[in-house]
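Asks: Sequence positions in the sequence shown follow full-length UniProt numbering and run 1 to 449.
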Amino acid sequence: MTIARIDLPATAGPVFVPGDEGYAAEVASWNVAHRHEPLAVVGATSAQDVAAAVRWAGAHGLPVAVQATGHGAVRPVTGGLLISTRRMSTVSVDPAARTARVGAGARWSQVVEAAAVHGLAPLNGSSSHVGVVGYTLGGGAGPLGRRYGFAADHVRCVEIVTADGALRTVDADHEADLFWAVRGGKGNFGVVTEIEFGLFEVPGFFGGGIYFPGTHAAEVLHAYRAWSAGLPEEMSSSVALLRLPPLPQLPEPLRGAYVAHLRVAYLGTPEDGDKLLAPMRAAAPALIDDVSWLPYSAVDAVHRDPVDPMPSRDRGVLLGELTARTVEHVLEVAGPQVDVPLIMVEVRHLGGAFARPPAVPNAVSGRGAQYSLFVIGPGLPELTPVVDAVTDRVLAVETMPGGLINFSGHAGPEALLANWAPADRDRLLRIKHSYDPTNVFSGGQALVG
Numbered sequence: 001m002t003i004a005r006i007d008l009p010a011t012a013g014p015v016f017v018p019g020d021e022g023y024a025a026e027v028a029s030w031n032v033a034h035r036h037e038p039l040a041v042v043g044a045t046s047a048q049d050v051a052a053a054v055r056w057a058g059a060h061g062l063p064v065a066v067q068a069t070g071h072g073a074v075r076p077v078t079g080g081l082l083i084s085t086r087r088m089s090t091v092s093v094d095p096a097a098r099t100a101r102v103g104a105g106a107r108w109s110q111v112v113e114a115a116a117v118h119g120l121a122p123l124n125g126s127s128s129h130v131g132v133v134g135y136t137l138g139g140g141a142g143p144l145g146r147r148y149g150f151a152a153d154h155v156r157c158v159e160i161v162t163a164d165g166a167l168r169t170v171d172a173d174h175e176a177d178l179f180w181a182v183r184g185g186k187g188n189f190g191v192v193t194e195i196e197f198g199l200f201e202v203p204g205f206f207g208g209g210i211y212f213p214g215t216h217a218a219e220v221l222h223a224y225r226a227w228s229a230g231l232p233e234e235m236s237s238s239v240a241l242l243r244l245p246p247l248p249q250l251p252e253p254l255r256g257a258y259v260a261h262l263r264v265a266y267l268g269t270p271e272d273g274d275k276l277l278a279p280m281r282a283a284a285p286a287l288i289d290d291v292s293w294l295p296y297s298a299v300d301a302v303h304r305d306p307v308d309p310m311p312s313r314d315r316g317v318l319l320g321e322l323t324a325r326t327v328e329h330v331l332e333v334a335g336p337q338v339d340v341p342l343i344m345v346e347v348r349h350l351g352g353a354f355a356r357p358p359a360v361p362n363a364v365s366g367r368g369a370q371y372s373l374f375v376i377g378p379g380l381p382e383l384t385p386v387v388d389a390v391t392d393r394v395l396a397v398e399t400m401p402g403g404l405i406n407f408s409g410h411a412g413p414e415a416l417l418a419n420w421a422p423a424d425r426d427r428l429l430r431i432k433h434s435y436d437p438t439n440v441f442s443g444g445q446a447l448v449g
């Protein structure tokens with residue numbers, strides 16, 4: 001099928017079809033493993049543009065996909081209509097109410113900067129370059145999560161265009177079923193054009209990272225297992241086994257190295273933070289230790305995620321506990337002695353506020369987990385079979401039922417639905433069928449059933 005230019009949707013923002021100058025830039029995603037090839041892409045500038053685009057797609061029987069930054073791209077968009085929301089990047093902070101209202105294309109860096117002026121902080125993820133909406137709709141397990149929970153737990157209201165092209169504002173009192181589903185069910189129910197959520201009084205924190213030589217990975221992981229189990233909720237942490245590239249912008253000790261990277265964010269005094277961190281600092285000699293008191297605007301220093309676009313392929317599981325057996329298994333299949341094409345194997349501490357239900361219930365899954373185990377490999381077509389095989393081996397540990405949709409990567413429909421308990425799964429599908437009976441929103445991490 002091809003689209004005649006005269007038949008394109010009438011929007012204030014630009015519309016591109018294959019062959020147009022600007023098409024490639026508009027469809028590009030941060031995860032360059034996936035090359036989108038929609039029949040048309042709308043560079044939406046407003047909710048009205050989004051609604052017009054969805055109505056046009058419906059009239060032509062086309063599926064709709066949406067993208068802001070493309071960090072969460074898990075499969076290519078082929079055919080159909082792609083709505084690019086990157087121009088819809090407004091951010092408004094109400095310091096008295098401690099809330100932020102942001103457009104569909106806003107990045108966390110914009111919210112962090114706007115909130116920090118007032119001594120406030122959002123529940124952003126490990127990288128502030130990620131888009132706010134996609135991250136939040138998938139739950140959002142960030143570096144303050146053990147204290148405050150998932151980002152989705154603090155959403156106040158959502159503006160969304162559903163499959164019929166209607167623009168709706170939903171909250172706990174208006175279309176409560178849809179409000180429940182969209183907070184945790186990701187983009188399966190429409191295109192979110194604005195979102196409002198709570199902020200927290202966090203002007204600064206004690207945090208950063210410690211890089212240990214890969215030769216001490218066993219000592220670090222076993223120490224982390226014992227240490228993390230007794231931490232207060234004010235301490236959020238993770239530890240990652242990293243195979244770093246030989247890039248000149250990396251510090252010399254890390255360039256091309258295999259390292260164990262401890263990441264911490266503590267909402268307490270530096271003195272108490274130092275005491276809490278002492279057992280991990282004693283676990284092995286550090287290559288770099290940059291843990292200190294930081295303004296919240298420096299939150300990216302905790303994980304130091306890559307900023308430049310890259311091809312990646314990821315998947316994760318949840319753990320009821322982090323056992324010695326699990327640690328030994330991870331070291332056996334992905335430790336420094338094994339030559340495998342992986343970028344990162346991460347163990348993240350959950351529990352705390354992640355485990356508690358929010359004031360307004362939502363569809364976020366995985367609340368019973370104490371840890372996640374997450375793997376990222378290079379998303380290169382020629383390496384996909386071996387990356388998937390190695391990922392399967394790493395994740396072949398004693399897991400608990402359920403999962404986090406943001407950590408589900410390229411999982412298929414059946415595995416995706418397994419993130420939820422049966423009752424929540426059935427409710428999600430009922431709401432999906434009610435608001436999107438023809439499965440217009442079928443791209444990305446689609447719920448099918």
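Here a beta-carbon is modelled for each residue, glycine too, at the ideal position from N, C-alpha and C.
On the three-state DSSP scale, how would you describe Pro279?
Replies: Walking along the sequence shown from the start, residue 279 turns up at place 279. Correct three-state label for Pro279: helix.
Asks: Who are the Cβ neighbours of Thr391 in its own chain at under 7 angstroms, not counting the five residues just before and after it?
Replies: To locate residue 391, count along the sequence shown from 1; it is residue 391. So the qualifying residues of the chain are Arg315, Val375, Gly377.
Asks: Comparing C-alpha positions only, which one of Arg87, Ser128, Arg147 sits nearest to Gly352?
Replies: Translated into the one-based positions of the sequence shown, residue 352 becomes position 352. Among Arg87, Ser128, Arg147, the Cα nearest to that of Gly352 is on Arg147.
Asks: The beta strand (DSSP E) spanning Trp108 covers which residue range?
Replies: By 1-based counting over the sequence shown, the position of residue 108 is 108. Per DSSP, Trp108 belongs to no beta strand (DSSP E); it is in the alpha helix (DSSP H), 108–116.
Asks: Enumerate, from N- to C-terminal direction, the unbroken alpha helix (DSSP H) stretches of 4 or more residues contained entirely within the stretch 322–357.
Replies: Taking only runs of at least 4 residues, the alpha helix (DSSP H) segments lying wholly in the stretch 322–357 are 324–334.
Asks: What are the boundary residues of the alpha helix (DSSP H) that includes Arg168?
Replies: Position 168 of the sequence shown holds residue 168. Premise fails: Arg168 lies in the beta strand (DSSP E), 167–170, not in any alpha helix (DSSP H).
Asks: Along the chain, where does the alpha helix (DSSP H) that runs through Phe179 open and close?
Replies: Looking up residue 179 in the sequence shown gives position 179. Element bounds for Phe179: 176–185.
Asks: Please state whether DSSP places Ser92 in a helix, a strand or coil.
Replies: Working through the sequence shown from its first residue, we reach residue 92 at position 92. Strand at Ser92.
Asks: Look at the Cβ atom of Gly79, then the Cβ atom of Leu144, and state whether they are nearer than 9 angstroms.
Replies: The count along the sequence shown starts at 1 and reaches residue 79 at position 79. The count along the sequence shown starts at 1 and reaches residue 144 at position 144. In this structure, Leu144 does not lie closer than 9 angstroms to Gly79 by Cβ.
Asks: Using DSSP with H/G/I as helix, E/B as strand and the rest coil, what is Glu201?
Replies: Indexing the sequence shown from 1 puts residue 201 at position 201. Glu201 falls in the strand class under three-state DSSP.
Asks: Quick one: what's got a C-beta closer than 7 angstroms to Leu373's C-beta in the same chain, skipping five residues either side?
Replies: Residue 373 sits at position 373 when you count from the first residue of the sequence shown. Excluding sequence neighbours, Leu373 sits near Gly316, Val317, Leu319, Val347, Leu395, Val397.
Asks: My output table needs one value for Ser292: the three-state DSSP class, helix, strand or coil.
Replies: The residue given as residue 292 occupies position 292 in the sequence shown. Residue state, collapsed to three classes: strand.
Asks: DSSP three-state label for Val239, please.
Replies: The residue given as residue 239 occupies position 239 in the sequence shown. Three-state result, Val239: strand.
Asks: Can you have a look at Leu247 and say buried or exposed, based on whether 16 or more other CB atoms are within 10 angstroms of its CB?
Replies: By 1-based counting over the sequence shown, the position of residue 247 is 247. Looking at its Cβ environment, which holds fewer than 16 other Cβ atoms inside 10 Å, Leu247 is exposed.
Asks: Excluding five sequence neighbours on each side, which residues of the same chain lie with their C-beta closer than 7 angstroms to the C-beta of Gly329?
Replies: Start at 1 with the first residue of the sequence shown, and residue 329 comes out as number 329. The identity of residue 329 in the sequence shown is His, whereas the question assumes Gly. Val397, listed in sequence order.
Asks: Contact between the stretch 204–223 and the stretch 91–110 is defined here as three or more beta-carbon pairs at a separation below 8 angstroms; is this criterion met?
Replies: Counting Cβ pairs under 8 angstroms, fewer than three are found: no touch.
Asks: Going by DSSP, what residue range makes up the beta strand (DSSP E) through Gly58?
Replies: Walking along the sequence shown from the start, residue 58 turns up at place 58. No beta strand (DSSP E) holds Gly58; the alpha helix (DSSP H) holding it covers 47–59.
Asks: Run through DSSP, which three-state label would His303 get?
Replies: In the sequence shown, residue 303 corresponds to position 303, counting from 1. Three-state DSSP puts His303 in coil, outside helix and strand.
Asks: Spatial neighbours of Val27 within its chain, please: C-beta separation below 7 angstroms, excluding the five flanking residues on both sides.
Replies: Taking the sequence shown and counting its residues from 1, one reaches residue 27 at position 27. Answer for Val27: His36, Pro38, Val41, Leu82, listed in chain order.
Asks: Is DSSP giving Thr257 helix, strand or coil here?
Replies: For the purposes of this step, residue 257 is identified with residue 257 of the sequence shown, where counting begins at 1. Residue identity check: residue 257 is Ala in the sequence provided, not Thr. Of the three classes helix, strand and coil, the one that applies to Ala257 here is coil, per DSSP.
Asks: For Val333, which residues of its own chain have a beta-carbon under 6 angstroms away from its beta-carbon, when the five flanking residues on both sides are left out?
Replies: What you label residue 333 is simply residue 333 of the sequence shown in a count that begins at 1. Once the five neighbours on either side are set aside, the close Cβ partners of Val333 are Arg393, Val394.
Asks: Let's test the definition: count the other Cβ atoms within 10 Å of the Cβ of Val191 and tell me whether it reaches 16, buried, or not, exposed.
Replies: Position 191 of the sequence shown, counting from 1, holds the residue named residue 191. So Val191 counts as buried.
Asks: Out of Met280, Ala446, Ala97, His60, point me to the one whose CA is closest to Leu416's CA.
Replies: Position 416 of the sequence shown, counted from the first residue, corresponds to residue 416. Of the listed residues, the one whose Cα sits closest to Leu416 is Ala446.
Asks: When burial is assigned at 16 or more other CB atoms within 10 Å of the CB, is Ser127 buried or exposed?
Replies: If you number the sequence shown from 1, residue 127 lands on position 127. With 16 or more Cβ atoms within 10 Å of its Cβ, Ser127 is classed as buried.
Asks: Would a check of beta-carbon distances place Gly119 closer than 9 angstroms to chain D?
Replies: Going by chain labels, chain D is absent from the structure shown, which holds only one protein chain.
Asks: Count the other C-beta atoms from every protein chain shown that fall within 10 angstroms of the C-beta of Arg356, then say buried if there are 16 or more, exposed otherwise.
Replies: Here the question's residue 356 lines up with position 356 in the sequence shown. Flag for Arg356 reads exposed.
Asks: State the beta-bridge partners of Val64 as determined by DSSP.
Replies: Within the sequence shown, numbered from 1, the residue matching residue 64 stands at position 64. DSSP, once it has assigned bridges, lists Leu81 as partnering Val64.
Asks: Which one or two residues does DSSP pair with Leu319 in a beta bridge?
Replies: Translated into the one-based positions of the sequence shown, residue 319 becomes position 319. DSSP lists Tyr371 as partners of Leu319.
Asks: Measure the alpha-carbon distance for Gly138 versus Phe354 and round it to whole angstroms.
Replies: Your numbering for residue 138 matches position 138 in the sequence shown. Your numbering for residue 354 matches position 354 in the sequence shown. Between Gly138 and Phe354, the C-alpha separation is close to 14 angstroms.
Asks: For my contact list, Phe205 and Thr136 are in at a C-beta cut-off of 8 angstroms; report their separation, rounded to the angstrom.
Replies: By 1-based counting over the sequence shown, the position of residue 205 is 205. By 1-based counting over the sequence shown, the position of residue 136 is 136. Not a contact, Cβ separation roughly 20 angstroms.
Asks: Hey, quick one: how far does the beta strand (DSSP E) through Glu159 stretch, first residue to last?
Replies: Residue numbering aside, residue 159 sits at position 159 when the sequence shown is read from its first letter. Per DSSP, Glu159 belongs to the beta strand (DSSP E) from 155–161.
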